[in-house]
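Inspection log for the structure reproduced underneath, given as structure tokens.
Residue numbers (this note's numbering), protein chains in the order written: chain R, 137 to 547; chain D, 137 to 547.
Written as structure tokens, this is what we have:
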């Protein structure tokens with residue numbers, strides 16, 4: 137899966153392919169990383185403060201603690217985790233999740249599923265329906281090579297298209313019904329429409345019904361645990377009733393997947409639910425920190441912020457502020473804005489494409505040009521989607537560089 | 137620069153490296169494109185409506201018209217264009233700009249400069265200061281290999297660092313003074329501080345002063361031509377005065393670069409300005425369309441929207457709306473939101489990570505699941521930064537696929 141490569145040899149190997157990579161200077165450029173793109177794990181041993189910036193970092197202690205917390209919680213609650221790889225897009229993190237007991241991973245796009253399956257992640261539930269002939273054929277080819285690939289559908293027409301494509305490809309495709317929790321975004325209406333779709337799948341040649349999913353994205357960020365729990369259970373109730381109807385009809389309900397990081401300790405209360413499609417819990421971000429948890433109504437402390445961006449101050453000559461090298465192209469413009477780690481009395485803005493802005497208001501420290509600082513990301517999913525690699529850090533040492541192999545796989 | 141590759145051979149070549157690429161099905165996946173990453177131009181001939189989605193498309197007729205309009209305008213106004221490659225990150229577009237008379241290109245990051253110079257773009261002005269030893273050394277190595285590379289500085293300390301690094305590298309580095317237009321983001325204060333920095337550069341060993349730059353990002357999107365012109369000229373006046381002071385001191389002022397797409401037909405009124413660092417004019421976007429121009433105060437019609445995202449409808453079963461496959465990871469969350477091309481009575485939202493939302497309000501048409509539609513991008517720079525390639529389209533035929541070789545080069 138990975139290979140050990142001393143830093144010196146790595147830089148020399150990379151230097152052969154690119155201009156301007158002196159072995160005497162610390163740091164890795166994106167160009168260097170791209171020249172190593174065949175590897176998805178590269179061993180390293182340097183200080184994170186030596187990294188060229190902007191750099192996306194994941195703290196291994198925090199990541200591992202988050203995976204452990206999730207796994208012990210869902211186990212205690214009698215369900216499983218099926219983490220969503222749309223968040224990390226990184227085969228190495230998927231491996232870690234499976235090694236710790238997750239029953240599989242989810243992907244949002246068929247391109248992500250291709251990457252994960254090709255990288256040895258063998259249980260993949262694609263949560264979005266494939267509706268074009270091209271994508272359906274890709275899904276069926278995946279199914280031919282990878283028996284652990286499961287796909288979703290949310291209309292009878294699409295189920296018939298899948299059936300025809302499965303027969304043409306000579307495969308039996310495992311299919312779940314995507315049930316709408318009320319957002320009217322994807323999924324079929326729960327109750328009779330969903331039941332009838334499940335019955336149709338059960339009868340169509342080339343398809344094997346394996347259950348249902350119901351992802352309630354709209355409940356994940358509801359502020360306050362009590363309000364979030366109430367909304368979640370109300371919105372999952374029709375899906376649970378659908379599950380009951382499917383069970384009573386003798387249909388296969390081995391999978392009832394749903395939920396997310398904001399509701400991971402609520403979803404098991406919905407009858408029938410088998411696993412949570414949690415994504416952000418691995419990294420956390422400013423958006424999730426703000427929702428509050430069961431033990432702290434102001435800050436969501438169940439998981440630790442593990443994902444940060446290292447950035448360098450480019451300009452410190454104006455009063456009350458500084459300019460950094462991490463703007464919208466490195467942080468996105470999602471809000472709440474990135475949070476400066478370990479400091480108080482300052483705020484960060486990444487609204488400008490190329491530059492971040494630090495604003496001081498009774499700051500715990502100020503920065504000079506060339507100084508580096510670390511910010512907790514605003515919204516982990518789209519931030520990860522900006523980077524080709526992330527640096528795996530423990531106690532401020534970079535232990536490895538992980539390729540974000542499914543970055544940009546929106547198709 | 138590119139190579140001709142019939143589509144069938146391309147798909148076969150790509151198919152050897154990836155799973156699930158049937159030659160009988162139309163479309164290119166990101167995985168396919170990555171397997172061709174060594175080429176930055178691939179010839180093609182398919183309908184754009186056959187592309188897998190989300191897909192980033194550039195209309196060649198519109199792009200070429202935009203480049204022609206810019207070049208004829210700046211020529212008429214007695215200045216030059218030095219387009220900013222931070223917008224397109226694409227060597228092929230940089231080549232087109234130089235072929236049509238631009239005197240060079242700009243880059244925001246040293247990583248972008250490396251990519252452009254390595255791809256044969258020989259005149260590159262890096263508009264951001266390099267402040268860390270690693271980036272300064274990269275810049276000096278670029279200078280050793282590429283005599284057309286110019287870099288910016290905005291403090292005496294940094295100028296001294298550049299001087300030391302230039303001497304250590306055995307090069308003479310061309311340097312411009314970055315002057316702040318009042319945004320206090322980057323650049324030194326105009327007037328005496330800027331003059332003294334210029335004089336210092338002129339005296340430091342290893343450096344050659346070649347002029348100044350002053351980029352007024354804050355004026356580019358001022359609504360209405362009159363207000364924009366007034367603010368621009370007021371904010372450029374101190375830079376022009378700095379230019380005069382440098383000239384009177386006998387300093388080299390061959391470059392005075394500034395301005396952008398919103399002010400390209402205003403900037404030449406600032407005394408001394410030699411060229412405009414225009415970027416978005418090549419593509420346009422919903423943000424620039426909204427600023428109004430000299431002939432139309434509501435819509436900025438000087439340039440044509442050439443950059444679009446093709447997207448597919450995934451769900452059409454709910455009243456008054458549809459869900460597409462292009463959300464925040466394909467469109468960003470910049471506003472104004474993407475505009476559905478050629479249609480009225482509907483709006484688009486890309487606030488959700490994976491999915492776009494079409495909202496109908498007396499729509500010119502409605503869409504069924506599987507239908508494709510095209511949206512004008514919200515803000516071109518960060519949207520381009522999400523994609524590894526763009527499709528070059530003329531009359532709805534894909535003529536070529538261009539690699540966005542500097543995508544993600546935020547460092």
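Virtual Cβ for every residue (Gly too), placed ideally from N, Cα, C.
- Under a 10 Å Cβ-count criterion, residue 208 of chain D is classified as exposed, with fewer than 16 other Cβ atoms of the shown protein chains found around its own Cβ.
- In terms of CA proximity to residue 546 of chain D, R/524 leads the group R/322, R/524, R/547.
- For residue 449 of chain D, the enclosing beta strand (DSSP E) begins and ends at 443–451.
- Within 10 angstroms of the beta-carbon of residue 315 of chain R lie 16 or more other beta-carbons, which makes it buried.
- Within the region 312–386 of chain R, the complete beta strand (DSSP E) segments at least 3 residues long are 343–350, listed from N- to C-terminus.
- Legend: CB atoms of the region 469–483 of chain D lying less than 9 angstroms from CB atoms of chain R belong to residues 469, 470.
- For residue 539 of chain R, the enclosing beta strand (DSSP E) begins and ends at 533–539.
- Around the C-beta of residue 532 of chain D, fewer than 16 other C-beta atoms lie within 10 Å, and the residue is accordingly described as exposed.
- Between residue 322 of chain R and residue 368 of chain R, the C-beta spacing is not below 8 angstroms.
- Shown in chain order are the members of the region 217–244 of chain R whose Cβ falls below 7 angstroms from a Cβ of chain D: 222, 244.
- Between residue 249 of chain D and residue 276 of chain D, the gap from beta carbon to beta carbon reaches 8 angstroms or more.
- Boundaries of the beta strand (DSSP E) harbouring residue 528 of chain D: 525–530, taken from the DSSP string.
- Across the set R/526, R/509, R/198, R/497, the C-alpha of R/509 shows the shortest separation from the C-alpha of residue 446 of chain R.
- Taking 8 angstroms as the cut-off, the beta carbon of residue 371 of chain D is found closer than this to the beta carbon of residue 355 of chain D.
- Between the region 280–289 of chain D and the region 245–259 of chain D, the count of Cβ pairs shorter than 8 angstroms is three or higher; the stretches touch.
- In the three-state scheme derived from DSSP, where H, G and I count as helix and E and B as strand, residue 247 of chain D is classed as helix.
- Within its own chain, the residues whose Cβ lies closer than 7 angstroms to the Cβ of residue 463 of chain R, once the five positions on either side in sequence are excluded, are 486, 488, 489, 490, 491, 492, listed in chain order.
- When C-beta atoms of the region 465–474 of chain R are compared with those of the region 387–398 of chain R, fewer than three pairs fall below 8 angstroms, so the two segments do not count as touching.
- For residue 201 of chain D and residue 363 of chain D, the gap between their C-alpha atoms comes out near 27 angstroms.
- The distance from the Cβ of residue 536 of chain R to that of residue 528 of chain R is about 4 angstroms, consistent with a contact at the 8 angstroms cut-off.
- Taking a contact to require three or more Cβ pairs closer than 8 angstroms, the region 294–302 of chain D and the region 323–332 of chain D do not qualify as touching.
- Partner residues in a beta bridge of residue 222 of chain R, as assigned by DSSP, do not exist.
- Those residues of the region 191–218 of chain D placed with their C-beta closer than 8 angstroms to a C-beta in chain R are 191, ordered along the chain.
- Counting C-beta pairs closer than 8 angstroms gives three or more between the region 263–278 of chain D and the region 447–455 of chain R, which meets the contact rule.
- The beta-carbon distance between residue 430 of chain D and residue 379 of chain D, rounded to whole angstroms, is 25 angstroms. This is too long to meet the 8 angstroms contact definition.
- The alpha-carbon of residue 293 of chain D is positioned some 35 angstroms away from that of residue 516 of chain D.
- If you check the CB distance, residue 240 of chain D and residue 404 of chain D do not come in under 8 angstroms.
- Only 264, 265, 267, 268 from the region 255–268 of chain D bring a Cβ to less than 8 angstroms from some Cβ of chain R.
- For the C-beta of residue 544 of chain D, the chain R residues within less than 7 angstroms are, from N- to C-terminus, 166, 522, 523, 524.
- Here residue 423 of chain D has 515 as same chain residues with Cβ atoms under 6 angstroms from its own Cβ, once five neighbours each way along the sequence are excluded.
- The alpha-carbon separation between residue 418 of chain R and residue 498 of chain R amounts to approximately 32 angstroms.
- In terms of Cα proximity to residue 184 of chain D, the closest of D/194, D/178, D/177, D/483 is D/194.
- Scanning the region 485–516 of chain D from its first residue to its last, the whole beta strand (DSSP E) runs of 3-plus residues come out as 492–496, 508–512.
- The three-state reading of DSSP puts residue 298 of chain D in helix, counting H, G and I together.
- Around the Cβ of residue 500 of chain R, a 10 Å sphere holds fewer than 16 other Cβ atoms; the residue is exposed.
- Look at residue 270 of chain R: its C-beta is under 8 angstroms from a C-beta on chain D.
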